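Those letters in the sequence shown? Residues 138 to 254, by my numbering. No residue lacks a Cβ here, since even glycine has one placed at the ideal position from N, Cα and C. Note that the structure is a prediction, hence the values are computed from the model and not measured. See below for the structure under consideration.
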Amino acid sequence: AAFSGHVEAVALLLDRGANLEAKDEGGSTALVRAAFEGHKDMVELLLDRGADLEAKSRSDSTALALAASGGHKGAVKVLLDRGANMEAKDRLGSTALVAAASGGHADTVKLLLDRGA
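Dropping the structure here:
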């Protein structure tokens, strides 16, 4: 549900005791998947409920790096506002800035640079 951006459904599941940090078959938490898909509202909900801001995918990419790689500026902004580590590196040594630049996402690159990356 987080992957698809169904905020109300995820809120209900969390209210009923769903594990916020459960991982999917790919090893990603709901926050990592929501960030990858650019679901800003879902990212906010999950963080409000206590999701691990620095959770990583199997490739050691953070939610911030995955949102940046897709040019999802809204999700990137939320993650930065909550204190996401801009210098975290994946297993290849890439940061969120490198991920955004590699994807050609100039607006996201600018946001990261403006925030000190």
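Counting C-beta pairs closer than 8 Å gives fewer than three between the segment 153–162 and the segment 207–219, which falls short of the contact rule. In this structure, Ala188 keeps its C-beta atom at 8 Å or more from the C-beta atom of Ala221.
When C-alpha distances from Ala192 are compared across Asp244, Asp152, Arg228 and Glu158, the shortest belongs to Glu158. Residue Thr199 holds the alpha-carbon nearest to the alpha-carbon of Asp227 among Leu190, Thr199, Leu151 and Val180. In this structure, Arg219 places its C-beta atom within 8 Å of the C-beta atom of Leu184. Counted as a single uninterrupted DSSP element, the stretch harbouring Asp161 is not any alpha helix (DSSP H), since DSSP gives it neither H nor E.
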